[in-house]
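Below is one structure; the comments refer to it alone.
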């Protein structure tokens, strides 16, 4: 049996298969990957398992988004480690960002007799609507 860091027959192996856990807020999946796999390749495997496009996946390790060009070992990801996955929601082309437009409310005393408006003018200007 080959030990860690050794290939078949006890020869030193350049790279090992490692187990990495990928965790979202709701799910947790374990992957067996080569430690010299690029983050981009690993992201492709994650995309298949989580049924999401690769461009919407953000992999976070040690509080930082990992770079696609790095290998798992270059990013410091080793056997038994956990990577956090954020899947950004898809936006459709017809979705427009919500814009807030302030619509001033009419003062409820606008039609009231002048005698009732005395003393109420200040309340209306600061947004208060006392009942009368």
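Numbering (the numbering used here), first residue to last: 6 to 137.
Just so you know, even glycine gets a beta-carbon here, dropped at the ideal spot from N, CA and C.
Give the DSSP-derived three-state secondary structure of residue 80 in the structure shown.
coil
So, for residue 35: in the same chain, excluding its five sequence neighbours on each side, which residues have a beta-carbon less than 7 Å away from its beta-carbon?
24 and 26
Hey, residue 92 and residue 43 are a contact pair by Cβ (cut 8 Å); roughly how many whole angstroms apart?
20 Å between Cβ atoms; not a contact.
Please classify residue 24: does DSSP put it in a helix, a strand, or coil?
strand
Between which two residues does the beta strand (DSSP E) harbouring residue 33 extend?
33–39
What number of angstroms, rounded off, separates the C-alpha of residue 61 from the C-alpha of residue 94?
7 Å
Could you check if residue 22 is buried or exposed, using at least 16 other CB atoms within 10 Å of its CB as the buried criterion?
exposed
Using alpha carbons as the reference points, say which of 83, 96, 73 and 90 lies closest to residue 45.
73
Inter-residue Cα distance where the pair is residue 32 and residue 86:
16 Å
CA-to-CA distance, residue 68 to residue 83, given in whole angstroms:
16 Å
Residue environment, residue 80, which counts as buried when at least 16 other CB atoms sit within 10 Å:
buried
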